[in-house]
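Comments concern the structure below.
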Amino acid sequence: MFQGEFKGPVIKLIEPIIDFGLVKVNSKNKFRVILENTSPIPTEVLIRNVRNTSITFNSLSSIALRKQSIATETLEGNILNLLGNDTPVVKLPANSQADILLQLESHKVESLVEYFEVLVKGSPETRLYFQALAEIQKPMVTLSRWDINLGTIYAGVPVLINRGELSIKNYGNLPAQFHWEERIEQDRTVVRFEPSRGVIPPKSETKV
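Residue numbering for the sequence shown is 2 to 209, as defined by this note's numbering.
Written as structure tokens, this is what we have:
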């Protein structure tokens with residue numbers, strides 16, 4: 002009599018926490034997720050958001066559902082998307098690794114926390130999880146003052162405002178770009194700023 006124990010595919014997640022870090026609103030960021038099949042058995046895995054439990058290997062027969070299930074919309078409208086796949090199912094040959102790109106499309110400010118589940122075909126007891134994190138913010142910039150009294154000015158005589166009377170302050174955690182537009186009033190008055198453009202580091206200010 003022969004006895005043996007059947008073991009299904011053995012899958013590992015190389016990095017269970019996907020931390021995008023500090024992310025600027027209206028940007029796209031990518032993170033590589035690595036899955037490894039350490040067994041001599043080829044298999045397929047299904048990646049889904051834990052909120053989308055209706056997505057299974059069987060339900061993906063619908064093309065419309067396949068397209069929909071590769072993207073996850075967060076509560077604030079930001080998008081997590083699996084790139085390079087028309088379906089959330091990834092094929093893993095025996096003793097191999099697969100790289101999956103997870104892209105974050107940020108549209109609104111959010112402290113993003115999403116959980117994903119990896120289901121292994123032919124091994125229903127095997128479930129892996131990874132977490133996606135991001136702190137999505139936007140620059141927070143203000144002027145030190147909203148008006149400057151030039152007093153009496155004369156045609157053809159330039160008026161110079163001392164540097165430091167006006168400054169741009171960045172209160173946020175992200176670098177902020179600025180650009181002053183030259184202002185011409187009815188071909189009579191021209192207002193220029195120096196520097197006319199630049200980048201303000203986080204928690205700092207630029208004097209104009």
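For each residue, glycine too, the CB sits at the ideal point set by N, CA and C.
Apart from sequence neighbours up to five positions away, the residues of its chain that approach Ile169 with a beta-carbon distance below 7 Å are Val142, Leu144, Phe179, Ile201, Glu206, Thr207 and Val209, ordered along the chain. In terms of Cβ geometry, Gly9 and Ser124 form a close pair [threshold 8 Å]. It is roughly 11 Å from the alpha-carbon of Ser112 to the alpha-carbon of Ala133. In the structure shown, the three-state DSSP call for Tyr172 is coil.
The beta-carbon separation of Pro89 and Leu47, rounded to 6 Å, stays under the 8 Å limit for a contact.
Here Gly123 is not bridged, per DSSP, to any residue. In this structure, Lys139 keeps its C-beta atom at 8 Å or more from the C-beta atom of Val114. In the three-state reduction of the DSSP assignment, Asp148 falls in the coil class. In the DSSP annotation of this structure, His108 is not part of any beta strand (DSSP E), being labelled neither H nor E. Asn27 sits in coil when the DSSP states are folded into three classes, being neither helix nor strand. Ile35 sits in a strand when the DSSP states are folded into three classes. Taking Val160 as the centre and dropping the five residues before and after it, the same chain places the C-beta of Leu151 and Ile154 closer than 7 Å to its C-beta, in chain order. Burial is judged here by how many other beta carbons sit within 10 angstroms of a residue's own beta carbon; Ile149 has fewer than 16 and is exposed.
By the Cβ-count criterion, Thr39 is exposed, with fewer than 16 other Cβ atoms from all chains shown falling within 10 Å of its own Cβ. In this chain, Arg52 is not harboured by any beta strand (DSSP E), its DSSP state being neither H nor E. For Asn53, the closest C-alpha among the options Leu175, Glu37 and Val119 is that of Val119. Setting aside the 5 residues that flank it on each side, Pro43 is surrounded in the same chain by Leu93, Pro94 and Ala95, each with a C-beta closer than 7 Å to its C-beta; the list follows chain order. DSSP lists Phe179 as the bridge partner or partners of Gly199. For Phe21, the secondary structure class from DSSP, reduced to helix, strand or coil, is strand. Taking C-beta atoms under 8 Å as the contact rule, Gln98 and Ile35 qualify, at a distance of about 6 Å. Around Thr73, the same chain offers Asn50 and Leu81 as residues with beta carbons nearer than 6 Å, after the five sequence neighbours per side are excluded.
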